[in-house]
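This note's numbering numbers the first residue of the sequence shown as 56 and each following residue consecutively.
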Amino acid sequence: MSISVHEAGKPNSFLFQGLLELGSTSPSPDMAQRLANQVNTALRPGKIGAVYADTKSSGLVINGSSGTYEEKLFLIGSSAVLDYVGTDLVTFSDAWMPYDLKGRPQPALHAANAPRLSAALLDLSEVFHSEADPDEPTYFGKPTETGVENYYNDEGTAADVWGSFEIQYRYDKFTHAPGFGRIGFKRSADGEVAYVPVLGEHGVLGYLWASDTENAASFEPRDVGDEETYRSGLLWLDRLRLAHDRGLSPSQALTELAGTLEKPGISMLDLASLRELRALGSGRHRYTAAEAMNREMFGGGTERALPCSNP
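Dropping the structure here:
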């Protein structure tokens, strides 16, 4: 469980911030008291302004006669600010929706799981003696008092919000360094770059590239919507960040990392051409930097917030 205690009047100052082990899958008053004691013991001096706590929950998604156990199905969190206390429920699955995030119908999946979410929201309302208060719509769905609704196009078909927003959000990670571009190497460059292909089980996942002239290095994913490619690309970004923090130049980092690959030969190509090569290889639209800049608009990944407030 993640817990943070903010100092009154100083939103960026924490009296406590940390991760605590629940130690049990069944909440109880004893568990709550134990966690409170741990926080109080480590609490810095100061006036408490707000308290936030949340934890991720796994669960079962029913599909026909079987089910899939998902590690990160929900996040439930509570906040206390002055006299207001609220509880939010966030889901990371589209199993509750009539159509998946790509706009494809899933009647059996929806019929099996949507009533379960509705029942859970009703149970929370009864526990907190407060009606469910749906949060603002995200780019992926519209929370309701009983579940989540899809977005629809003007002609009435379900919208492909995955392709419209999640793909762009993912690609942004490979073109924009964190900290407004100040952390690690830059992730975009003009002109020629050194690159090496990164292979996966089914072929090329993408291209690791570097430019000393631009102090830039990144991973150009071939199909950012593919889970294997995306997760592999994030690992390469982490490795580049570690190389940067060790003082290596982009080309030195590329040479070192290329040595770990099955085919480590380094080639040269204009980055724009490399990105065109990636786009052609994936059969997908090439997302430009301008299209990928709006990360803050999209919210966190594929989250759809379904809060129950307890004012």
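Cβ atoms here follow ideal geometry from the backbone N, Cα and C, with glycine treated the same way.
Of the candidates Ala244, Asp143 and Pro189, the residue whose Cα lies closest to the Cα of Trp264 is Ala244.
Residue pairing for Trp264: DSSP places it in a beta bridge opposite Tyr250 and Ser273.
Residue range Lys65 to Leu74 is occupied by the beta strand (DSSP E) that includes Pro66. In the DSSP assignment, Asn205 falls outside any alpha helix (DSSP H) and carries neither an H nor an E. Counting along the chain, Tyr285 sits inside the alpha helix (DSSP H) bounded by residues Glu282 to Asp300. Taking 8 Å as the cut-off, the beta carbon of Tyr194 is found closer than this to the beta carbon of Phe220. In the DSSP assignment, Lys102 falls outside any beta strand (DSSP E), carrying neither H nor E. Ranked by Cα distance from Arg277, the options Ala271, Ser322 and Tyr285 are led by Tyr285.
Residue pairing by DSSP places Asp143 opposite Gly132 in a beta bridge.
Closest by C-alpha distance to Gly158, out of Trp217, Leu77 and Arg237, is Trp217. The three-state reading of DSSP puts Asp149 in coil, since its state is none of H, G, I, E or B.
Leu164 is positioned such that its CB atom lies closer than 8 Å to that of Asn118. With fewer than 16 other Cβ atoms from the protein chains shown falling within 10 Å of its own Cβ, Asn208 counts as exposed. Separation of Tyr107 and Leu172 (C-alpha to C-alpha, rounded to the nearest whole angstrom) is 24 Å.
In this structure, the CA atom of Pro153 is about 39 Å from the CA atom of Leu90. Thr123 is bridged by DSSP to Val116.
In the three-state scheme derived from DSSP, where H, G and I count as helix and E and B as strand, Glu221 is classed as helix. The region 155 to 199 contains, as complete alpha helix (DSSP H) runs of 4+ residues, the segments 162 to 183 (chain order). The residues Lys157 and Gly158, in chain order, have a CB closer than 6 Å to that of Asp215 in the same chain once the five nearest residues on each side in sequence are set aside. Restricting attention to Val203, Glu283 and Ile238, the CA atom closest to the CA of Asp293 is found in Ile238. Across the set Val140, Arg242, Thr96 and Gly280, the C-alpha of Gly280 shows the shortest separation from the C-alpha of Ile222.
Judged by their CB atoms, Val94 and Val60 are nearer to each other than the 8 Å cut-off. The residue among Ser112, Gly211, Ser68 and Gly73 with its C-alpha nearest the C-alpha of Lys102 is Ser68. Each residue's CA atom was taken as its position, placing Gly132 and Pro192 some 18 Å apart.
A residue is called buried when at least 16 other Cβ atoms come within 10 angstroms of its Cβ; Glu331 does not meet this threshold and is exposed. Selection Ser148, Phe274, Gly64 and Asp109 evaluated against Thr123 yields Ser148 as nearest (Cα-Cα). Relative to the Cα of Ser328, the nearest Cα in the group Glu275, Leu297 and Glu282 belongs to Glu275.
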